[in-house]
Each structure stands twice: as C-alpha cells, then as structure tokens.
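Presented below is the structure to which this report refers.
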Amino acid sequence: MPKKRYVVTLTADERSYLHGLLSKGRVAAHKQRHARILLKADASEAGDGWTDGRIAEALEIGRATVERVRQRCVEEGLEAALNRKKRSPSPAKVMDGNAEAHLVALACSPPPEGRNRWTMRLLADKMVELEYVESISHNTVWQTLKKTSSNRG
36 MPKKRYVVTL
46 TADERSYLHG
56 LLSKGRVAAH
66 KQRHARILLK
76 ADASEAGDGW
86 TDGRIAEALE
96 IGRATVERVR
106 QRCVEEGLEA
116 ALNRKKRSPS
126 PAKVMDGNAE
136 AHLVALACSP
146 PPEGRNRWTM
156 RLLADKMVEL
166 EYVESISHNT
176 VWQTLKKTSS
186 NRG
C-alpha cells in the first residue's frame with residue numbers, strides 16, 4: 036500500500052515568515068531545519084515542490100523526518116510543524132518508598148511453606164494480598180529488587 040502523500044502549499048505570508056525565521060540568528064536548529072523542509076516541499080507556484088527524497092538528500096536528514104514535517108503541516112498547521120510535540124507525562128509510579136521497603140522486607144523473609152524461595156510472581160501476589168499496592172506485575176517486582184542492594188539468599 037503506497038504512503039499517503041501530504042502536499043504542502045504555503046501562502047506568501049507563510050513563506051515570508053519561514054524566510055524570516057531562517058534569516059534570524061537565534062532560532063532553534065530543529066525549527067530552522069523544519070522551516071527549510073517546508074520551503075523546499077512547498078507545492079505552490081512560488082515554491083520549489085521538491086520530493087521527500089530530494090529534500091532529505093539536500094538537507095542531510097532522514098526521509099521519515101521530511102514525511103513527518105509535511106504531515107504535521109498539512110494536518111495541524113505551520114506552527115505545529117515547526118515546533119516539537121509536547122511530551123506526555125510519564126505514568127505514575129506503581130510503588131512508593133513505603134511499598135518498596137515492604138517488598139524488600141518480604142523478599143528477605145522466609146518463603147511461603149512448601150517453597151524453597153520467593154519467586155517474582157509470589158512476591159507480586161503477596162504484595163497485593165497484603166494491600167501494600169493495588170496491583171503490580173512480577174516484572175515491576177523484579178525491577179524494584181534489582182535496583183536495591185538486597186540479597187535474597
């Protein structure tokens with residue numbers, strides 16, 4: 036399936052704004068690079084109308100970058116194409132310091148009856164059972180224990 040092509044057509048005001056950005060000395064490098072991409076990709080009468088491959092080669096950047104900038108310009112507008120996306124906040128931590136302390140203490144305690152040692156899954160289940168956390172994966176238990184210097188014997 037061929038990729039959808041996003042055609043950038045800039046107005047005279049937008050072109051002069053981009054040229055102004057490039058003539059300023061104090062503009063972020065990514066913003067200048069995106070401005071150059073948009074000027075080269077401009078398919079209007081006054082624009083160059085270059086292909087993605089030609090732009091990527093001329094500006095020594097990846098073709099995917101050119102495609103993304105074109106797409107953001109068409110879908111979200113000129114300013115969105117020039118500026119970086121805001122990063123979404125990272126998800127809240129599953130375990131706080133108190134829960135970590137309980138996990139380490141639990142891991143250092145004798146294993147359940149009938150077991151030789153604690154497994155990550157057993158520890159995760161016990162943490163939920165004792166209501167130290169609402170839910171936790173065995174992988175999170177492993178990562179938490181890995182960052183501590185506890186010796187589980």
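The opening position of the sequence shown corresponds to residue 36 in this note's numbering, with each subsequent residue numbered one higher. Glycine included, each C-beta is placed from N, C-alpha and C at the ideal position.
Own chain partners of residue i with C-beta closer than 7 Å, once the 5 adjacent residues on each side are dropped
| i | result |
| --- | --- |
| G88 | R98 |
| S170 | V163 |
| V104 | H69, I72, L73, A116 |
Alpha carbon of residue i to alpha carbon of residue j, nearest angstrom
| i | j | result |
| --- | --- | --- |
| A78 | V43 | 6 Å |
| L180 | R122 | 29 Å |
| A190 | A127 | Any answer about residue 190 is impossible in this case: the structure gives the chain only from 36 up to 188. |
| N118 | A81 | 24 Å |
| A47 | M130 | 54 Å |
| K120 | E148 | 53 Å |
| T86 | S58 | 24 Å |
| R150 | P124 | 40 Å |
Beta bridge counterpart(s) of residue i as assigned by DSSP
| i | result |
| --- | --- |
| G77 | In the sequence as presented, Gly is not what sits at residue 77; that position holds Asp. DSSP output for D77 lists V43 as bridge partner(s). |
Cβ separation of residue i and residue j, assumed to be a contact under 8 Å, to the nearest whole Å
| i | j | result |
| --- | --- | --- |
| L45 | R71 | Rounded, the Cβ-Cβ distance is 13 Å, inconsistent with contact. |
| H173 | R152 | Their Cβ separation, rounded to whole angstroms, is 14 Å, which puts H173 and R152 out of contact at 8 Å. |
| V139 | L158 | At roughly 10 Å, the Cβ-Cβ gap does not stay under 8 Å, so V139 and L158 are not in contact. |
6 Å Cβ shell around residue i - same chain, five flanking residues per side excluded
| i | result |
| --- | --- |
| G84 | A78 |
| R107 | A115, A116 |
Proximity test, residue i beta-carbon vs the ligand ZN heavy atom, cut-off 8 Å
| i | result |
| --- | --- |
| V101 | Looking for the ligand ZN in the displayed structure turns up nothing, as the structure carries no ligands at all. |
8 Å CB neighbourhood of residue i in its chain, flanking five on each side removed
| i | result |
| --- | --- |
| L56 | V62, K66, Q67, A70, L117 |
| A91 | G97, R98, T100, V101 |
Any contact between the region 96 to 111 and the region 50 to 67? By contact I mean 3 or more CB pairs, one from each, below 8 Å. With fewer than three CB-CB distances shorter than 8 Å, the region 96 to 111 does not count as touching the region 50 to 67.
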